[in-house]
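Enquirer: One structure, pasted below without further comment.
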Amino acid sequence: MRHLICPRLCRYFKPDRPEEEGCGGLTWLAAHPQLESAVAALAPDPGAPLFGLAEDDPRLMRVCAACPYRPDGCDFRDPGAPRDQCAPCGGLRAVAGLLAAGLHLEI
Ligand code: SF4
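Position 104 of the sequence shown, counting from 1, maps to 1027 under our numbering, and the rest follow consecutively.
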């Protein structure tokens, strides 16, 4: 799942950086490998960072609530960070893309 998400959908991905702990979205999707083909079908640049979903969509908020980067390493969920400099990570974008495509995910 990681190879379908990080290099394609995440602006924070750096190929030369050692593999890190996954974000909340990647962790959730890695536990649901049956969704791999749906993730592979997501367009990397759909024209909206969260594929048209609201930033405060409760399903996305739950993904972020379980993310190890949330407390101290995520500008996107930091209310004090300038909004124009924040972007969601690839894992959250992948979940958003599936939801926007109409998949029902038990998050
Ligand atoms: S947007 Fe931030 S808090 Fe949410 S899953 Fe990504 S890194 Fe974690």
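The beta-carbon is built from N, C-alpha and C at its ideal position, and this holds for glycine as well.
Thinking just about the alpha-carbon of each residue, which of R1000, A1023, D998 and R925 is nearest to the one in L952?
Expert: R925
Enquirer: So what does DSSP say about P956, is it helix, strand or coil?
Expert: helix
Enquirer: Can you give the Cα-Cα distance for P1002 and G996, rounded to whole angstroms?
Expert: 12 Å
Enquirer: Note down, in chain order, each residue of its chain lying with its Cβ closer than 8 Å to the Cβ of R993, except the 5 sequence neighbours on either side.
Expert: Cβ neighbours of R993 beyond the five flanking positions: G947, C987 and R1000.
Enquirer: If you drop the 5 nearest sequence neighbours on each side, which residues of the same chain put their C-beta closer than 7 Å to that of L1022?
Expert: Only L976, R982 and L1028 meet the Cβ criterion.
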